[in-house]
Each structure stands twice: as C-alpha cells, then as structure tokens.
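Structure, as structure tokens:
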Amino acid sequence: MIVCQNLYVTYRWRQEPVLKGVNGTFKGKSLILGPNGSGKTTLFRAICGLTNIKSGKILIDEKPIEEIYATKGVVSANFQDIYTLIDAKAFDLIRLYTDLAEGDPQLALKIIEDFGITADFLKKRKLSELSSGQAKIFCTALALAMKARHVLLDEPFEELDPARKGRMVNYLNEYEGVVLINTHETWLLKNLQDWEAFLMFEGILYGPLTVKDLLNARISMAEEPDSLLKLSLSGKTVSIIKGKGKGKLLTSLENLDKMYEIAEGLKT
451 MIVCQNLYVT YRWRQEPVLK GVNGTFKGKS LILGPNGSGK TTLFRAICGL TNIKSGKILI
511 DEKPIEEIYA TKGVVSANFQ DIYTLIDAKA FDLIRLYTDL AEGDPQLALK IIEDFGITAD
571 FLKKRKLSEL SSGQAKIFCT ALALAMKARH VLLDEPFEEL DPARKGRMVN YLNEYEGVVL
631 INTHETWLLK NLQDWEAFLM FEGILYGPLT VKDLLNARIS MAEEPDSLLK LSLSGKTVSI
691 IKGKGKGKLL TSLENLDKMY EIAEGLKT
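Residue 451 is where the sequence shown starts when you use this note's numbering, and the numbers rise one by one after that.
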C-alpha cells in the first residue's frame, strides 16, 4: 500500500508547486487520470524517490520512503532514466536489472517479444537507440518483471496501437501486486472496471472513486450538490456527476486534455 500525506513538490524554476497537498491511498489496482502537465508523472517520481519532496510524507507499507530506498522487491517503475544508468545493449539490461531486483528476465523478454520486439533486435541496440514506443514497452516490461510488491507505470499506453494497448491491459490485470498507472486517455476505462480511480488536475488529486462510476459520469460546469467530485480548472468549478441528464459524458472525451476546452466553453 502506498500512502501520500499532504504532499508538496516544487521545482526551482517554478514559483507555484507542481503537487499541491496531495493526499491519496493506493492499494490493489488504481489509475490516475488527468491531462498532460497535471502532475501525474511528478507524483510517481516522488513516490520512487526520484524527485525531492518539499513537504508531506510518502509511506510504502507503512514505512517512510527514506527507509526503503534501494530495497529489493518493494517498488518498480517504467521511467527510462532508471534503466539508462548503465551503458549497455538493451538485451543485457534485462539480465542486469532483473538480477539486481531478483526479478524474472524470462518474463521481461516474453512481454517484450509479445509486442513484436525480438531478442536479436535488442542485442544490437542500446535503450537510447530504441524508438520512443519501443522504449516504453521495454521499460514497462522490465518494471513488471521486477516482481515488486508495487509497480508504478507512467503512461504505459503511450504510442501503442489499439491491439498493443489491449495486450498491455491484460498484463496489468494479471499482475499480482499493487499496480498504479497514470494516463490522460479515457478509452481504457471500460477495460479496467474493477480498478479504483483518481483524477488529477493542476497538481491536485481528487478521489478515490470507482472506474465504474467514471464510465457513466458526466461533466457539469456548475457546482452540483450531489456530485461525485468537484474539480477546480483554471479557477472554475467543474462537477463530475452521476447518471443520465445534463453534461457531457466523461468517456466521450478522447483524453482529459479536452476538459479545459469544456471549461472554456469551447466545442469538443
């Protein structure tokens, strides 16, 4: 279980915090849905110890993250910069990192090959020489093969075609452990109906609620008394409401970047 308590993260070149008092408990399988630039990746990097925290706490299995740095089997993630610390061919990185983490190199290779990337191809190229889509598959496969109790996947569906997206969903649903993913795409909700969901906008985390609730949720540009969630977008109140009636279906938006067009009264 991962717990974030009143978490703030600020970058030196920005006056406004990137994360603003984030509170959340992630157990089982959870997704964070939000537009690009909302703070999702920063939150994941903070949980992994890759970004400094200004204030607040992160607990993993009730222990502060400072106490579990470099502990095997606790957390894995698909950030590419984790796997480019060593200058080696991509194929060799599989054995190296899974050995360090006591993971499963055969599982990593199985997942990678299932997405059409061969072992021979990986023997000829470094991770930095893969396309962005190939690199995303490679790093996600490694994160899953680490067999950690918690796996964090940053935009794991990015640059995948529909068939490959479906394949990735299957691997996530089969994973035995806590899975936390983030994405700005809404298409996957129907495939993750048993998951818990959070929304993230402008550095603020909202939720939890169920993915099933989001599948039927609508967006209202008013403060609704019985809303599932109330969001703040560019200083405007947006309500996520249940059922039929007024408002646009959340799942009718291709991605959550479109929420700002709704907030500004533009057609989507």
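Here a beta-carbon is modelled for each residue, glycine too, at the ideal position from N, C-alpha and C.
Just so it is clear, the structure is predicted and the values come from calculations on it, not from any experiment.
Provide the residue span of the alpha helix (DSSP H) that contains residue i, from first to last.
i      : result
Ala551 : 540 to 551
Asn473 : Taken as a continuous stretch (DSSP letters only), Asn473 belongs to no alpha helix (DSSP H), being part of the beta strand (DSSP E) at 469 to 476.
Asn641 : Segment: none, Asn641 is in no alpha helix (DSSP H) and carries neither H nor E.
Ile561 : 555 to 564
Thr590 : 582 to 595
Asn623 : 612 to 624
Should residue i go down as buried or exposed, given a rule of 16 or more other Cβ atoms within 10 Å for buried?
i      : result
Met709 : buried
Trp463 : exposed
Gly566 : exposed
Met650 : buried
Tyr461 : exposed
Trp645 : buried
Asn528 : buried
Gly484 : buried
Ser684 : exposed
Glu704 : exposed
Gly653 : buried
Leu550 : exposed
Gly489 : buried
Pro514 : exposed
Ala569 : exposed
For residue i, which of the options has the nearest alpha-carbon?
i      : options                        : result
Tyr458 : Leu655, Asp611, Asp707, Leu639 : Leu655
Arg545 : Gly657, Leu592, Thr636         : Leu592
Ser578 : Lys522, Leu679, Ile532         : Ile532
Ala667 : Pro467, Lys692, Ala613         : Lys692
Arg617 : Leu493, Glu563, Ser480         : Glu563
Asp604 : Thr491, Glu516, Glu635         : Thr491
Lys633 : Lys560, Val688, Phe494, Met451 : The sequence given here places Thr at residue 633; Lys does not occur at that position. With distances taken between Cα atoms, Thr633 lies closest to Phe494.
Val628 : Val601, Cys454, Asp707, Glu635 : Val601
Lys479 : Leu681, Ser682, Ser689, Leu630 : Leu630
Glu624 : Thr636, Asn641, Glu635, Trp637 : Asn641
Ile690 : Leu481, Glu714, Leu665         : Leu665
Asp508 : Cys454, Gly523, Lys576         : Correcting the residue type first, residue 508 is Ile in the shown sequence and not Asp. Cα-wise, what sits closest to Ile508 is Cys454.
Lys696 : Glu714, Ala713, Leu679, Ala672 : Ala672
Asn620 : Gln643, Ser670, Gly553         : Gln643
Gly657 : Ile669, Glu635, Leu681, Asp676 : Leu681
Spell out the partners DSSP gives residue i in its beta bridges.
i      : result
Arg668 : Ile691, Leu699
Asp604 : Asn632
Thr660 : Glu646
Asn705 : Glu635
Tyr458 : Lys470, Ser505
Lys680 : Ser689
Leu655 : Met650
Pro514 : Leu509
Ile452 : Phe476, Ile510
So with Cβ pairs under 9 Å, would you call residue i a contact of chain D?
i      : result
Thr568 : Included in the structure is just one protein chain, with no chain D present.
Looking at the secondary structure, which residues open and close the beta strand (DSSP E) in which residue i lies?
i      : result
Cys498 : Where Cys498 is concerned, there is no enclosing beta strand (DSSP E), given that its DSSP letter is neither H nor E.
Leu482 : Position check: residue 482 holds Ile in this sequence, whereas Leu was assumed. Looking at the DSSP string, the run of the beta strand (DSSP E) that includes Ile482 is 479 to 483.
Leu572 : It is not in any beta strand (DSSP E) - Leu572 instead sits in the alpha helix (DSSP H) that spans 569 to 574.
Ile510 : 505 to 510
Ser578 : Per DSSP, Ser578 belongs to no beta strand (DSSP E) and is neither H nor E.
Ala527 : 525 to 527
For the stretch 470 to 481 against the stretch 580 to 592, do three or more pairs of beta-carbon atoms, one drawn from each stretch, fall closer than 8 Å, so that the two count as touching?
no
For the stretch 535 to 543 against the stretch 498 to 517, do three or more pairs of beta-carbon atoms, one drawn from each stretch, fall closer than 8 Å, so that the two count as touching?
no
Check whether the stretch 612 to 619 and the stretch 481 to 499 touch, using three or more Cβ-Cβ pairs below 8 Å as the test.
no
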